[in-house]
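Visitor: Sequences listed follow chains R and B, in order. Our numbering puts the first residue of the first sequence at 987, with every later residue one more than the last. Our numbering puts the first residue of the second sequence at 987, with every later residue one more than the last. Don't be surprised by glycine CBs; every beta carbon is placed ideally from N, CA and C. So that we are looking at the same thing, I have put the structure below in structure tokens.
There are 2 protein chains.
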Amino acid sequence: MPGAAILPGWLRLEAGTGGQGAELVPVLAGLVLVLLGARLAGALFERLRMPAVIGELGAGVVLGNLGLLGWHGLEPLLATPGLEILAEIGVLFLLFEVGLESDLRAMVAVGGSSLLVATLGVVVPMGLGFLVSRGFFPTHAGVAHAFVGATLCATSVGITARVLSDLRRTASAEGRIILGAAVIDDVLGLLVLAVVTGVIAAANQGGTLALPSLLGIVVKAVLFLAAAIGLGRWLSRPVFRFAARQPNDGALLSLSLAFCFLMALLAQLAGLAPIVGAFAAGLVLDEAEIRSAGLERGRDDRGIAGRMKPLATFLVPVFFVLMGARVNLSSVAVPGMLAFAAALTLAAIAGKQVCSLGVMTRGVDRLAVGLGMIPRGEVGLIFAGIGSTLSIRGERVIEPAVYAAIVAMVTITTLVTPPLLAWRLGRTR
Amino acid sequence: MPGAAILPGWLRLEAGTGGQGAELVPVLAGLVLVLLGARLAGALFERLRMPAVIGELGAGVVLGNLGLLGWHGLEPLLATPGLEILAEIGVLFLLFEVGLESDLRAMVAVGGSSLLVATLGVVVPMGLGFLVSRGFFPTHAGVAHAFVGATLCATSVGITARVLSDLRRTASAEGRIILGAAVIDDVLGLLVLAVVTGVIAAANQGGTLALPSLLGIVVKAVLFLAAAIGLGRWLSRPVFRFAARQPNDGALLSLSLAFCFLMALLAQLAGLAPIVGAFAAGLVLDEAEIRSAGLERGRDDRGIAGRMKPLATFLVPVFFVLMGARVNLSSVAVPGMLAFAAALTLAAIAGKQVCSLGVMTRGVDRLAVGLGMIPRGEVGLIFAGIGSTLSIRGERVIEPAVYAAIVAMVTITTLVTPPLLAWRLGRTR
């Protein structure tokens, strides 16, 4: 009975009266907490004319760090696997929505800028991260520095996408460049991670990296994106036009969800993050066409995005509250690590400002693009987590103190972006 | 990597490139399968003018029994804990929706009938089940017969609620009596289970049942329902009127979901099934009032039910497909158990037909009420599952063969109800 321990005695479950809910209890308790916390904090920040997402992250930071005040009651609740699955589905819904709102042609129009921004945004932060790590830990292996650098690569598109959506600037040139670059970034970042991990595995066995297996990863990733955008668009068109014309109103939503999950699954299997697949799924679907097919049936048609909205209202805040809750405030306070964490954060921020020089489209605010690329969020945490499990000849690639600094860097880059981006986009509106 | 084993080699996940999705892969694959299977089978049955839920259950039975054809690839997918959590949330949404559509005053108007139907529906099937078990297994302990009887008590309101909803007959007198009786039934059934379990525990220790602990369970359950309906209605009114007037469109949905989950949690903690809490949450909320508060703000207001619909479209079919998938067709084919399973099924069906004699409201179709009370569904499976874990002095209370027969009874009562009820309600419309 995982939920029983966290509840006062008079609320404990009687053994044998409800086997069904055994795993459901902590999920339900977590959802009540997360939904109410997110809504209250979000409403507060909206009153202060700031994006609701900051409130949701803040609610998560508070809920996740009550242990510092001596109360650990909520920790098992927020770490429930069921709740994490819901959060991961929530971020898929967010990226699917962002993809639906994105116009593929408009994204291709800024594709050159996105590609250059993304490439600079991977190379420069990785180099800076490598140098910072070598400066602080001269005795560590070179590949460990490369790993720290790799954690600075990938932009967390979730945070920026949400801020752009809150400010209704997803379709702006800045928005399209940032989203396009973040997607390319994720691909490049995951390739860098695969390469570094491969090098470490080879070094650990005293050998060198097998080039064919590395090439296989790269080819799969490129093939996935080409297939998703080319083939996906061509195949999905007749299916979705058919679904929009079905008498049962639920057919279009079920099919859209299945398509979103399938693309996320395929992205994962191609070695990319599932959110890349969800974004591609939304990008491929042509809302205007589907809506007109629904209207042909004489239906008041809200399209896929309108049907997705309640699902996003339910699950997207779960993701942001849990992401805030992962922030361990005490990990930053390790003596001597504050300077390393600060240097790493500066490298992360400065590296992504350099990448805004890659913007070639006229009339685009470079600072807004640079700011939008700052957050490392979930991807940085995943990289750090993987690094902490790897070792070269018995020595950890990412030792606990370095891990704490990376978590601090992810925390700060994630938390500073929404206010900075909201401020900058508010000025240039 | 739980998902890797079930996938062909060329689709396997590269180690180290996507730690995030480790647990997400089987959930995504399961969701794609369940959503597409449910939608296709549901559409097929709708064309045949039968409730879509039969198609969804049928899709589950097919997906869950492909092992009989020698292909076990889908079994780990359908048993993924993440998918089960989604299914359990799905059935909460269904009961919450049914509660929203139910008018408390109209339910009280048939409350006498519901109470009598429920009481007869617990006492008669339990007695018949006891006799059938004693007839087939004269050497088993008396308390084991009582346990088999207890598995025949509780009506599975999910199936009937869905059929009534598909046929738009939730608000009919038959619909209200069935739903009211099923809720009371769940309460009585869970009390019976608690009593039988307590007796077994006491017998196992060579003692007798402690009356105070038993009374505690009963008091908690009764208190929960009284508090939910009385206090809940009074407390929720100002909160939801306030939420409906908020500028942010998502506030009402978030609050409704939090309320639904909170009530499900409290029901579970009070020793009742979570679905009873979700139903009570929907029953307590006054949609008409909330919608008028939304309209005061000049908003095109779909109310809570309208906002819940996409959520139900997403998750309710997951529940029914998984319930179908739990049916193990080969368990019925154990030699000699077919007769016991048939006798138990007949006792389950006959017992609930007797209970329709308790209908005192005029002009109500007794046969429709009796048919609506037939399915045992998830509650029967839970009871059987608990029984198979209990033992008296080393001997199992529910042995594997008896368990298989109970599963068969649950299967048949669940599968026969939708067509029978659809036929009867179609005739009396």
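Quick one: using the 10 Å Cβ neighbour count with 16 as the cut-off for buried, is B/Ser1316 buried or exposed?
Guide: Under this definition B/Ser1316 is an exposed residue.
Visitor: Output yes if chain B places a C-beta closer than 8 Å to the C-beta of R/Asn1190; else output no.
Guide: No - not a single Cβ of chain B is within 8 Å of the one on R/Asn1190.
Visitor: Measuring only between beta-carbons, confirm whether R/Leu1087 sits less than 8 Å from chain B.
Guide: Looking at the sequence itself, residue 1087 of chain R is Glu, so the reference to Leu does not match. By this cut-off, R/Glu1087 is not an interface position.
Visitor: List the residues of chain B whose Cβ lies closer than 8 Å to the Cβ of R/Ile1392, in chain order.
Guide: Ordered by position in chain B, no residue passes the 8 Å Cβ test against R/Ile1392, which lies about 14 Å from the chain.
Visitor: At the 8 Å Cβ level, is B/Ser1342 part of the contact set with chain R, yes or no?
Guide: Chain R, which has no Cβ nearer than 8 Å to the Cβ of B/Ser1342, makes this no.
Visitor: If the cut is a Cβ gap below 8 Å, which residues of chain B does R/Leu1243 touch?
Guide: Correct list: Leu1017, Leu1021 and Phe1300.
Visitor: Does the contact criterion of 3 or more C-beta pairs under 8 Å hold for the region 1126-1139 of chain B versus the region 1056-1068 of chain B?
Guide: Short answer: they don't touch.
Visitor: For the region 1116-1143 of chain R, which residues have a CB atom closer than 9 Å to at least one CB atom of chain B, in sequence order?
Guide: Within the region 1116-1143 of chain R, no residue has a Cβ that lies closer than 9 Å to any Cβ of chain B.
Visitor: Compute the Euclidean distance between the alpha carbons of R/Trp1220 and R/Val1094, then round it to the nearest angstrom.
Guide: Answer to the nearest angstrom: the Cα atoms are 17 Å apart.
Visitor: Is R/Ile1360 helix, strand or coil when you go by DSSP?
Guide: It is coil, neither helix nor strand.
Visitor: Excluding the 5 residues flanking B/Arg1413 on each side, which residues of the same chain have their C-beta closer than 7 Å to its C-beta?
Guide: Nothing listed; no residue qualifies.
Visitor: Tell whether a beta-carbon distance below 8 Å holds between B/Glu1083 and B/Ala1298.
Guide: Against a cut-off of 8 Å, the Cβ pair of B/Ala1298 and B/Glu1083 comes out as a contact.
Visitor: Between B/Gly1192, B/Phe1226, B/Leu1165 and B/Leu1251, which has its C-alpha nearest B/Ala1207's C-alpha?
Guide: The shortest C-alpha separation from B/Ala1207 is found at B/Leu1251.
Visitor: Check R/Ser1377 in the structure and name its three-state DSSP category.
Guide: It is a strand residue.
Visitor: Counting only runs that start and end within the region 1241-1278 of chain B, where is the alpha helix (DSSP H) found for 4 or more residues in a row?
Guide: Qualifying alpha helix (DSSP H) stretches, in chain order: 1260-1270.
Visitor: What does R/Glu1013 reach in chain B if we use C-beta pairs closer than 7 Å?
Guide: Strictly speaking, residue 1013 of chain R in this sequence is Val, with Glu absent from that position. Result: Ile1071.
Visitor: Within 8 Å (strictly less), CB to CB, does B/Gln1254 reach chain R?
Guide: Cβ-Cβ to chain R under 8 Å: yes for B/Gln1254.
Visitor: Taking contact to mean at least 3 C-beta pairs separated by less than 8 Å, is the region 1320-1338 of chain B in contact with the region 1383-1401 of chain B?
Guide: Cβ pair count under 8 Å is three or more, so yes.
Visitor: From the DSSP output, in three-state form, read off R/Arg952 for me.
Guide: Limits of chain R in this structure are 987 at one end and 1415 at the other, which puts residue 952 of chain R out of reach.
Visitor: R/Phe1326 versus chain B: which residues are under 8 Å apart at the beta carbon?
Guide: What R/Phe1326 touches in chain B: nothing, since even the nearest Cβ is about 24 Å away.
Visitor: Just the Cα atoms here: how many angstroms apart are B/Gln1339 and B/Leu1357?
Guide: When rounded, the distance between both Cα atoms is 7 Å.
Visitor: For R/Thr1183, does the three-state DSSP call read helix, strand or coil?
Guide: Helix at R/Thr1183.
Visitor: Can the beta-carbon of B/Ala1073 be found closer than 8 Å to that of B/Leu1176?
Guide: Cβ atoms of B/Ala1073 and B/Leu1176: not closer than 8 Å.
Visitor: Is B/Gly1268 close to chain R, meaning its C-beta is less than 8 Å from at least one C-beta of that chain?
Guide: No, no contact with chain R.
Visitor: So what's B/Phe1123 in DSSP terms, helix, strand or just coil?
Guide: The answer is coil: DSSP assigns B/Phe1123 none of H, G, I, E or B.
Visitor: With distances taken between CB atoms, is the gap from R/Val1149 to R/Pro1303 smaller than 8 Å?
Guide: Their beta carbons are not under 8 Å apart, which means R/Val1149 does not touch R/Pro1303 by this criterion.
Visitor: Consult DSSP for R/Ser1151 and reduce its assignment to one of helix, strand or coil.
Guide: Reduced to three states, the DSSP call for R/Ser1151 is helix.
Visitor: If you drop the 5 nearest sequence neighbours on each side, which residues of the same chain put their C-beta closer than 8 Å to that of B/Met1359?
Guide: Around B/Met1359: Val1103, Gly1107, Thr1141, Thr1146, Ile1164, Ala1167, Ala1168, Asp1171, Lys1338, Cys1341 and Ser1342.
Visitor: Anything in chain B within Cβ reach of R/Glu974, meaning under 7 Å, just list it in chain order.
Guide: Past the boundaries of the shown model lies residue 974 of chain R; chain R is included only from 987 to 1415, so the question cannot be answered.
Visitor: Near B/Gly1016, which residues of its chain fall below 7 Å by C-beta distance, leaving aside the five closest residues on each side in sequence?
Guide: Closer than 7 Å at Cβ, skipping near neighbours: Leu1063, Leu1064, Thr1066 and Leu1069.
Visitor: From what residue to what residue does the alpha helix (DSSP H) around B/Pro1303 run?
Guide: B/Pro1303 -> alpha helix (DSSP H) spans Gly1289 to Ala1311.
Visitor: Whose C-beta lies closer than 7 Å to the C-beta of R/Gly1007 among residues of the same chain, with five residues either side of it excluded?
Guide: Confidence in R/Gly1007 is poor, its pLDDT being 39 and thus under 50, which makes the residue's placement too unreliable to answer from.
Visitor: Would you say B/Phe1082 reaches chain R, if we count a Cβ-Cβ gap shorter than 8 Å as a contact?
Guide: With 8 Å as the cut-off, B/Phe1082 does not count as an interface residue toward chain R.
Visitor: So what does DSSP say about B/Glu1061, is it helix, strand or coil?
Guide: It is helical.
Visitor: Does the separation of the CB atoms of R/Pro1296 and B/Pro1233 fall below 8 Å?
Guide: Contact flag unset, no.
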